[in-house]
Structures are given as structure tokens and as C-alpha cells.
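Working notes, structure below.
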Amino acid sequence: MPMNEPATPAERYAAAKLNSADAGTEFGAFRRGFDFELDDFQITACRALVAGRGVLVAAPTGAGKTIVGEFAVHLALARGNKAFYTTPIKALSNQKYQELARKYGAENVGLLTGDTSINAEAPVVVMTTEVLRNMLYADSDTLSGLAYVVMDEVHYLADRFRGAVWEEVIIHLPTEVSVVSLSATVSNAEEFGAWLGTVRGDTAVVVSEHRPVPLWQHVMVQREIVDLFATNKSFDEIAAELEPGTDATAAAGRFKVNPELLKLARSESGQSHRGSYNSRRGGRDRRGGRDRGNFSAQNQNDGGLVRRASRPQVIRALESQDLLPAITFIFSRAACDAAVQQCAAAGLWLTTPAERAEIADRVDAACAGLPDSDREVLGFWGWRDGLLRGLAAHHAGMLPSFKEVVESLFADGLVRAVFATETLALGINMPARTVVLEKLEKFNGEAHVGITAGEYTQLTGRAGRRGIDVEGHAVVLWQPGTDPTAVAGLASRRTYPLNSSFRPTYNMSMNLVAQFGRRRTRDILESSFAQFQADRSVVDLARQVRSREESLAGYEKAMSCHLGDFTEYAKLRRELSDHESGASRTKARQRRARVAESLAVLRQGDVIMVPVGRNPGPAVVLEADPHAREPRPGILTANKELRRLGIHELDGPALPLARVRIGKGFNPKVPKDRRNLAQQVLDAVADGGALRPDRTAAFTRQDSARSEDEAIDTLRRALRAHPCHSCPDREEHARWSERWWKLRRETDGLVRAIHQRTNTIAKTFDRVTDLLAAYGFVETDDAGNLRPSADGQRLRRVYGEKDLLIALALRDGAFGDLDAVELAAFATTVVFAAKRDDAGARPRMPSVSLETSVEAVVRLWSVLEDAEESHRLPLTGEPELGLVWPMYKWATGRSLQDALKGTELAAGDFVRWTKQVVDLLDQLAQVPGMERGFARLCIEAITLVRRGVVAYTTVVD
């Protein structure tokens, strides 16, 4: 039965009555603009908007949530009001701007991102969420007449880096503004909706778990596509058959993993394997009864393992099964680019001559403004050749304009195979018939970890184009070690809670204090979703505490002793155990402190011995690190490796064995220089006899260790003198005592958690304002109220992860003695974030003024980090110097190729970071109370870097 078709005559009558009532409303007019019938959840949400309610819509990717957002836009235009449409990323803002401009006219739609402003005073403005947050704090006139705010991808508020912005906007929007929140399917939508109701007023929660295009799950074994589940129904169909209100996770129990895949997994574990694999048992008529082919044991190599299909093999298999267009998710930018090259080298052509001609025309037209001098370094010709073949990569390292062309051609069916990183799944409207996952693990910046069920659903949600495909397909590539049961668990789970990542930042706190004062700000912060969730969890914790207190009473009775107070005796035993453990920890702590102290006093040219870790042996210090909390000097090892040395790699203090001279012309990036210096190190060690330093003197016995030993002796005497020590049942009582102590610790921990979760956000805010007060950014007026100082007013206009560090640098004049070129280069130090730790020596700065400014900001950061640690606040990231030279060259007018020479930066990354530098410079130009001429200098710096490929954009059709 179709989703929208009423089941009974009474339901049909009620539906007809509602449709008749809609006919004369704005919803009726909006509805008539579509050539298809809206789904139930869309209709319910739109009617709630007509009734003046806010709306939270939680539905799968591709279900059509944005129709509800577009109806809010329609209502605003029809009623002469304004509507803002917010998105988490610029690419999605650009895409939505183009869609709305085509539908409502370019004169009615504007776009605001960090680096783009088009028709900003239009009645409908698309923007990134940060732009709206900044408007609210600045009390912008653009907010006048605002009636609706659409928050697309609102589940992004769980993002630990940027999620707080969504809550800031929801909390601070004027009460008369209706909020339309569009979210992926989350398991706690009702909880999130309840919070929205407390801060925004009456909010309708509309949840749909129905995928309009059923999704089938497969595994690709060599060149054959095999069904993951032994069933003729998709997960979505089985979930729809469950009783209303049943958690969709229950549907997972209705599935059976394909037994042939399980047999293959066992065979790879060493068991014998024979037979063949029928990928679809009996076939499915609606897919034409196509046989997915037989997979036999001959596909295994001599070791019994099945190799992963190559990328060209995957695309050819999908093409033969009519499963293109496809998106293959690869968690590596370089691998995405390599995939296109591999498919091209294999002779793949997915386009006809007529399609190639159209692609060439569109690419050449879109890139007509791209400077010829930059095309080579941008890889333009290889990118264009791939597009002509119907192949493309899509990742954050590409030029934004290149990505927009790929998205446009893919949407029109001209590009048929895209190799993408997971950023494509963040909201870009780019659905495919099939989604392929090369691996089920990714690198999270620290380690390789498995993807979560939520991430799996987000990625595979791109499969199945509504109105085009009858069904979508998700394909996981088999490789040695694949566990079909684990894949099935990812594919069938439907519980993804939305958890707040909100915390008060320096800029947020300063703006709130300026507008509302300290007391009112605490109340406002207590209304955050983070505190709402914490308060709800306290109820469950309190219940657990009551249950444990009852158990403790029983344990206490069981450990009673007729000779004396066993609780007292148990306490002595516990104290003795704690002191013995503490003595060991004290010695380890003292040893660590000695090692840190030895690292802090090392100087450039000191030769030391690295006893453990990777590449142990002699090394020379290239860059001292005397001011860090945990020193990590930069070193060059004897085998010519550049890296930083950490405390954990030393078994004792790092004592210099010798010294070598490092010339001014030494460049750690030049292999010959590294080789020569490494030989000097080996020679110096050999001359000194290669003796390891004697570290025993470095670990003298401390007074604290002696007092610890005395306390242990005292406790042992008290234990032996206690009456219960001679009890024949002492050890039985002790076992109950241990249980009591363990449960007591757990219970006390729960009680502490209750206290910590009560007023959590306000307590964090108090620590933030205490630190700001220590720095003089807030002051107290005659009435005892907190208010921003002149420095605090400047901080109010600085947005970013290093907001306080930037404000401190402004106050201390670190930006002062710079020209426009140097200012652009210096701005990168508080914007850029390297993907990996740069283990080499700190680069020499392009000018004396820049060197002075960099030293100042690093010094400010070091002091700030200590202050944050003492106030128990998240630490501000260290200034990064990896973009200083490229930006300096670019600002002086050098070519893109010259600017990037000697770096590992992709051209797209450079453009992205440069636009963030432009955004910061624009903020600085508007900071109040700066010296005359500073704003003009910022604008001049913007002009110098916003040129060529940085200024190039295809945002406007």
C-alpha cells in the first residue's frame, strides 16, 4: 500500500477533509507546485508551520526533509517576512542558494558565507550557521523582519568542534522567529524536540524512518556482487512491517546473514571451503531476476584469502549490473585521486561521444576564468580528462569550484563514478544509485578505527535517487578478514543518539556578559541542550545511588566481626594498600618530572641518546622546547629522521653526550643537510666513546618518598594491633569488606557525577569568566555587575577556535609592526591547523617583524595554556607555522606553484585556508579600539591574497 494512502473509509474521509482545508491556504498553493504527492511526514510538518508551531523533522537521508524548509521560505515570501536557511558547510550553502534562486528568483535570494556575500538584504538568505551566530551577537539590522530560520543538518550540533554554534543560534534567536530543524534519523528525537519546546516554545516533532527508495545491502567478493542478507526484503520493508512505535533496531532480528558469506569467512580462517555462492537465492522479480553470478572457490588465492577487487574491476562490475551512477567512499584524498587515475589507465570510458562533448563544453565554460598559470598545479588537465570519461574525485583538498562542477555533472548523469571522502556525506545533495564502501575503518587523526553504525547509515544513505531509482544499493568490498556478521550489524542498527557538544567559549561568554550580565547569562546557558541532557541523566543516576545504598547496608552486616569494628580494620587495610600504591606512583611521577626537566634544558646542538621508541640511538637537538608544559624538542636521529622527542621515549633524563655545531644555512628539509648532520652526530658520539650517561644520580630519594615509607610502617603496626586482626574469619570478613569498598567507591562516583552534572555549563562559564577576569577582559562596575573591558569588547568581534589568543595578540601589539603582506602571513598562525605534527625545526620567518610577532604569539599561547590548565578549561591549540611561507609568497604576488613549492599542501587546501585567513582579516578590520590605519591594513592584506584561484568561484550559475 502506498505510504500516503489511508487504510479505511474513515481515514480516507478524514484525509479528504484535511486536504480540502489545505486548498485555500499557503500550504495548498505550495503543494500544487509539485508534480508528485507529498509524504505524510512532510504534510504533517508543513501543517504545523501553518499553525505557527516550530518543527523538528527527523528522517533518513534522501527522504525529502528540505521540502519542509522550502515551505518555510514560501511562507516568509508570501507573508512579506524574511527567512534564513542555514547549513553547516559552505558547499551546501552554495548548492541551496542556487536551488532557491532558480525557484524564487535571484533578486529574492541571497548568500552569506565566511568569504562570500551576495544580495545580503534579500528576503531569503542562505548562510552557514556561524554567520547567523555572528549576526545575533552583533545585533545585526539584517535580523529585522526575520520570521523563519531553517537549520538544515541540525544533528551537526553533536560535532565536537563546531556543534555549539547550533545551540547558540537556537537559544538566542528572537522568540517570534519560528525554527525549522531538519535532522537525520536519530534515536532521541523526542528528547531533542522536548528541549526545543523548552527554549523555542511549541515545537512539533515529526519522525519518519521510512526510506522512499528501499536500500539493498551487498558485499562484493572479487568481481561478484553478493547479497549480505538471505532475504527477499530490504531492511526498510521489514522495519515498516513492525508494530507502530517499535524501535527499528528490532528489525535486525528478522534478518539472516547470507550463509555463503559466513562460509567464506570461516574458510579464510583456515577451514576447508568448497561450493559456490548464489548471490541472490531465487532472485527478485522486481530487479528483473538478474543473476548476480556464481562465486566459486577459484577466486581465492593459494593462501585461502579472497583479494579485494581493484577499483576498475568494481566500476566495470557495477556497470555490467546497471548499478551506476555510483559513489565509492575512500577515506583518503590521495586514494580518491589515485582511483580516477587507475580507472583511466585501465581504459574505462563511461560516457558516449555526445556526453563527452557536453562535459567538455560545461567544464571549459565553468573554468573560463581560471588563470592559465594555475591550471597545471591544480591538476586541471587530469581532472578534465577524468570528467570526460565519466570519472571524478570529490574531497576537501580539491578546489571548491572543481567540486561544484563535479556535483553538477554527477547530478545530471554525465559523471557516473565518483570517488569521495566522507565529507561528501555531510549534506551535499548528490545521490547515486549505488554507494560502495572500500573499507569499514578510517583514520580519525589519531588511530584507525571502525566506522560507527551512524556513519555507515550516513554514507549509504546516498544510495537511491528518489523519482529515478526503484531501489538503492550499498556495496561493501570484501577483503581478507571481513566479518559478514559485523557488516550486518552496521547495516541493520538504527540507534544513533544525538548528544550535545555545547560548552561556553571565550567569545560566547564575552558576548553574553555584554548583553545580559553574569547572572542572566548563567540562566541562559543552563537552558542549553547539553544541560537538558545532563539534568535528565541525573534522575537515572539518583535511582542507581538509592539501589546501591541498600546493597551497602547488606554488605556492612555481612562483614561484622565479634572481636571489634571490622569497618575500622578494613579502613586500615585500604589505607595501607592505597599508600603502597601511592608510593609507587610518587616514584614514577618524580621520575617523569626529572625527564621533563632534562628535556626543557636541552639546547640546539646537544647530542643525546634515545634509548627506546622508534629508531633508538643517538640524536641531535634541532629545536629546543623550554617553555612547554611537556617539552617535546625537535630532533634529528642518526638515521636522518626528523621528529619530536617525547617523555615516554626516555627511561631517564636526557643528558647531553656531546655538542655539534648547526650552521645557519642548515635546512632540515634538504636530504643532503640531514645526511651531513647525522654523520656529525655519529662522529661526535664515537669521539666520546658512545658511553651512555649515568642516570642514577638524577634520581635521588625525595623527602616525600621517605615520609610515604614511614606512613606505611605506621599503618602496618596499627593493623597488627587491631582486635580484628586475630579473628579466625578475618579473610571472609575481608572479602565482604572489599565488596563494600568497591561498591562504596562506585556509589561515591555516582554522587560526584550528580554534583558535576548539576549546573555543569554554568560552572564552566564561571571558570571561563574567572580566567577572562585574570587577563583583564572583564571588569566589575560600581553596582558589582560584570562587563567587558576595552580588551573584552575586541574579543567580542573575534570568532574562531583561538579567539582569546588572537585578542591577547591584538592587545600585546603582536599584529602591530607588520605590513600587509606580513599581516596575511601572520594571520595563518592562528587559523591554520596542520593535519599532522611537524616534527622538524621551526622554520625561519620571512622577515624580522614576522619573527618577532611569531615569538610573541607563541609566548602568549604558552602562558595561556598554563592558565587554562589551572582553570580546568580546554586547551587552546598551539600556533601553527606551516602556512606562513606559502601565504607570504602568495601575498607578494608569486604564482600558486611557487607558493606551494616545498610543501605538502594541496591546492584546494591552500585555497580553503586562505579564505579562512580572509575571514579573520575581515573580522580584525571591524575590531573596535585598534590603532588608526589597522583596519585599512587588514583590507589591503585581503586584497593581496584574494586574487587568482582564491578569488575564482562558480557559485553563481
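My numbering puts the first residue of the sequence shown at 1200, with every later residue one more than the last.
Using N, Cα and C, we set each Cβ at its ideal position, and we do this for glycine too.
The beta carbon of E1366 sits closer than 8 Å to the beta carbons of L1356, S1699, F1701, S1727, F1728, A1729 from its chain, once the five residues preceding and following it are set aside; these are given in chain order. In this structure, the alpha-carbon of P1630 lies about 21 Å from that of G1596.
In this structure, the straight-line span from the alpha carbon of A1282 to that of M1350 is close to 11 Å. Here G1991 has M1709, F1976, V1977 as same chain residues with Cβ atoms under 6 Å from its own Cβ, once five neighbours each way along the sequence are excluded. The three-state secondary structure of T1979, taken from DSSP, is strand. Around the beta carbon of G1232, fewer than 16 other beta carbons lie within 10 angstroms, which makes this residue exposed.
Our two residues, E2068 and E2079, have alpha carbons roughly 20 Å apart in a direct line. The C-alpha of M1758 is placed about 19 Å away from the C-alpha of E1945. It is roughly 46 Å from the alpha-carbon of S2048 to the alpha-carbon of S1607. The three-state secondary structure of K1281, taken from DSSP, is strand. If you look at H1761, you'll find it isn't in any alpha helix (DSSP H); DSSP assigns it neither H nor E.
In the three-state DSSP reduction, F1642 falls in the strand class (E or B). Distance from the CA of Y2087 to the CA of P1413, rounded to the nearest whole angstrom, comes to 52 Å. In the structure shown, the three-state DSSP call for F1391 is helix.
A direct Cα-to-Cα measurement between L1724 and T1656 gives close to 32 Å. Put simply, the backbone Cα of P1552 is about 44 Å away from that of I1242.
Each residue's CA atom was taken as its position, placing Q1294 and N1387 some 29 Å apart. Judged by DSSP in its simplified three-state form, T1384 adopts coil rather than helix or strand. Contact check for L1587 against T1550 passes: the beta carbons are separated by less than 8 Å.
Only residues of its own chain outside the window of five on either side were considered, and among them T1402 have a CB closer than 6 Å to the CB of G1396, listed in chain order. For E1930, the closest C-alpha among the options A2090, Y1768, V2053 is that of Y1768. P1458 is positioned such that its CB atom lies no closer than 8 Å to that of G1263. CA-to-CA, the gap between Q2096 and V1576 works out to about 6 Å.
Boundaries of the alpha helix (DSSP H) around D1886: 1870-1886. About 6 Å separates the Cβ atoms of R1532 and T1620, confirming a contact at the 8 Å cut-off. With a contact defined as Cβ atoms closer than 8 Å, V1674 and M1419 qualify at about 5 Å.
In this structure, A2008 sits away from A1973, with a CB-CB distance that is not shorter than 8 Å.
Excluding its 5 nearest sequence neighbours in each direction, L2119 has C-beta neighbours in its own chain below 6 Å: A2026, V2030, listed in chain order. By DSSP's assignment, G1649 forms a beta bridge with E1640. Here V1404 is not near L1276, since their CB atoms are 8 Å or more apart. Looking at the backbone, the Cα of T1704 and that of V1967 are separated by about 8 Å. Taking C-beta atoms as the reference points, L1835 and L1876 count as a pair closer than 8 Å. With a contact defined as Cβ atoms closer than 8 Å, V2053 and M2044 qualify at about 6 Å.
Secondary structure note for E1518: its alpha helix (DSSP H) is the uninterrupted segment 1510-1519.
Residues P1511 of the same chain have their beta carbon placed closer than 7 Å to that of A1545, with the five preceding and five following residues left out of the count. Secondary structure note for E1554: its alpha helix (DSSP H) is the uninterrupted segment 1552-1565.
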